[in-house]
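**Student:**
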Amino acid sequence: MDKKIKSQLEADVQPEDFAQSFQPIISAIGIKAALDLCRYSGGIPLYDEVLEGPRNRAIAKEFDGSNTRQLAWKYNVSEVYVRSLLAQNRRNETKRILKENQGNLF
Numbered sequence: 005m006d007k008k009i010k011s012q013l014e015a016d017v018q019p020e021d022f023a024q025s026f027q028p029i030i031s032a033i034g035i036k037a038a039l040d041l042c043r044y045s046g047g048i049p050l051y052d053e054v055l056e057g058p059r060n061r062a063i064a065k066e067f068d069g070s071n072t073r074q075l076a077w078k079y080n081v082s083e084v085y086v087r088s089l090l091a092q093n094r095r096n097e098t099k100r101i102l103k104e105n106q107g108n109l110f
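Residue numbering for the sequence shown follows our numbering, beginning at 5 and increasing consecutively.
Structure below.
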């Protein structure tokens with residue numbers, strides 16, 4: 005993954021992308037500093053683990069129905085991973101919709 009993509013992913017890091025045990029550190033020093041700490045120290049959570057959330061959100065956002073190979077290449081993951089991620093997102097979305105609509109039935 006090139007530096008431009010990593011910087012885009014860093015911009016999308018949310019507090020929930022960090023492990024629960026790291027939350028007090030985020031509260032104390034902020035997301036940017038916590039991300040720098042992970043990157044430079046190899047601390048826990050590892051830098052690449054923190055970027056998983058933004059990377060997965062970016063893959064889901066950029067998917068156009070036929071570009072799994074390009075997304076896998078761009079984000080340095082396998083095509084199987086991209087398809088699995090997209091399938092999981094579809095399942096989650098279906099569950100969310102069903103849950104919203106089920107409340108309306110009763």
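All C-beta atoms in this analysis are idealised placements derived from N, C-alpha and C, irrespective of residue type, glycine included. Model, not experiment: these values are computed from the prediction.
Enumerated in chain order, which unbroken segments of the beta strand (DSSP E) with a length of 3 residues or greater are wholly contained in the region 68-102?
**Tutor:** none
**Student:** To which residues of the same chain is L75 closer than 7 Å at the C-beta, ignoring the five residues directly before and after it?
**Tutor:** I63, E66, F67 and V86
**Student:** Pull up the distance between the alpha-carbon of E1 and that of S45, whole angstroms please.
**Tutor:** Residue 1 lies beyond the stretch modelled for the chain, which goes from 5 to 110, so this question has no answer here.
**Student:** Return the chain-ordered list of same chain residues with a C-beta closer than 7 Å to the C-beta of Q18, the five sequence neighbours on each side being excluded.
**Tutor:** Spatial neighbours of Q18 in its own chain (CB-CB distance under 7 Å, excluding positions within 5 residues in sequence) are listed in chain order as G57.
**Student:** How would you call V54, buried or exposed, if buried means at least 16 neighbouring beta carbons within 10 angstroms?
**Tutor:** buried
**Student:** Is DSSP giving L50 helix, strand or coil here?
**Tutor:** coil
**Student:** Do you know offhand how far I101's Cα is from L89's?
**Tutor:** 18 Å
**Student:** Using beta-carbon positions only, say whether E83 and T98 come within less than 7 Å of one another.
**Tutor:** no
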